[in-house]
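Offset between the sequence shown (1-based) and the numbering used here: plus 176.
Take a look at the structure set out below.
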Amino acid sequence: MAHNSSFEIDPRSGFCRSNSIFYSKRKPIPLPPNYSIDITTFISSQAHRGKTAFIDATTGHHLTFFDLWKAVDSVATSLSQMGVRKGHVILLLSPNSIFFPVVCLSVMSLGAIITTTNPLNTPREITKQIADSKPLFAFTTPQLVPKLAESNSNLPIILIDDQNSTNNIQAKIVTTLSQMMRKEPSESRFRERVNIDDTATLLYSSGTTGASKGVVSSHRSLIAMVQTIVGRFNEDREHKFICTVPMFHIYGLAAFATGLLASGSTIIVLSKFEIHEMLSTIERYRATDLPLVPPN
């Protein structure tokens with residue numbers, strides 16, 4: 177951010193008395209000169225030498241960067257054909273998965289807004305988020321369909337995998353992510369102009385100080401996070417990150433579903449934190465980096 181020369185900013189604190197704003201003492205983060213750009217396009221345009229984007233720690237299934245961007249294009253094409261447009265909200269209820277970023281990047285590439293929710297939330301908490309965010313569709317796993325069914329929202333559901341375990345549940349399942357990923361990407365699909373200051377995500381606070389609140393982040397904010405991460409990790413050596421931080425949280429989403437992809441890093445995904453599984457995963461895949469939250 178460029179500082180106005182008429183502002184007197186305290187060099188020690190960064191505080192400006194004239195407008196009561198604290199300014200960062202770090203150098204401004206470079207942002208793309210193109211105002212009409214979304215976070216997905218920005219990440220996919222970054223040059224790197226990475227080959228494997230994601231590895232499922234349990235199954236060993238992996239997505240190369242080629243697989244990832246093809247899947248994103250295919251899912252975006254499917255969503256567009258299903259009527260998803262700029263400004264629409266899409267709900268994602270899922271534990272960590274190598275397909276979590278595919279959903280997020282596909283949605284945001286259309287100018288639509290991704291809202292994530294904690295898989296441990298109660299049906300009542302999920303119902304409140306649905307009522308507040310008004311999503312058009314929901315992506316979820318078969319195991320979590322009952323929570324959406326209990327919300328009585330009649331929300332159309334897209335299954336993140338093909339497990340046929342929802343036969344006895346009253347839910348409006350319209351398709352699966354795997355079917356969408358098999359869709360041939362279409363260059364002629366309907367496209368809307370997405371600007372850098374358009375809303376990209378609508379994530380909800382934990383509610384520790386009251387009712388959970390929706391927090392809006394723009395494409396600009398996510399791009400700034402990507403630039404920060406790339407500046408730290410875009411080095412010559414190969415990085416393999418262990419992902420146990422939940423991707424539904426802004427830390428996990430900014431790092432593992434967006435930022436580290438631009439550096440060409442490999443992300444090894446665990447569906448949840450479990451100490452023994454994490455340690456064996458580090459050994460098995462020779463991980464180099466382990467981002468965690470500070471201890472209490």
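No residue lacks a Cβ here, since even glycine has one placed at the ideal position from N, Cα and C.
For clarity, every value in this text was computed on a predicted model and none was experimentally measured.
- Cβ neighbours of residue 219 within its own chain (closer than 7 Å, five residues either side excluded): 402, 434, 437 and 438.
- Straight-line measurement puts the Cα of residue 202 at about 29 Å from the Cα of residue 281.
- Boundaries of the alpha helix (DSSP H) harbouring residue 308: 299-309, taken from the DSSP string.
- The beta carbons of residue 398 and residue 309 sit no closer together than 8 Å.
- For residue 199, the three-state secondary structure derived from DSSP is coil.
- For residue 249, the number of other beta carbons within 10 angstroms of its own is at least 16, and it is reported as buried.
- Taking one beta carbon from each stretch, the segment 350-358 and the segment 286-304 have fewer than 3 pairs nearer than 8 Å; the two do not touch.
- Membership of residue 353 in any beta strand (DSSP E) is not indicated; the residue belongs instead to the alpha helix (DSSP H) covering 353-357.
- The shortest CA-to-CA distance from residue 294 to any of 315, 278 and 283 is the one to 315.
- In this structure, residue 470 and residue 421 do not form a Cβ contact; the two beta carbons are roughly 12 Å apart against a cut-off of 8 Å.
- Residue range 241-257 is occupied by the alpha helix (DSSP H) that includes residue 253.
- Remark: C-beta atoms of residue 256 and residue 369 do not approach each other more closely than 8 Å.
- In the three-state reduction of the DSSP assignment, residue 428 falls in the helix class.
- The C-beta distance from residue 396 to residue 418 rounds to 29 Å, too long to meet the 8 Å contact threshold.
- With respect to the 8 Å criterion, residue 265 and residue 324 are not classified as neighbours on the basis of their beta carbons.
- For the options 319, 376 and 279, the alpha carbon positioned closest to that of residue 251 is the one of 279.
- Taking the C-beta atoms as reference points, residue 415 is found nearer than 8 Å to residue 465.
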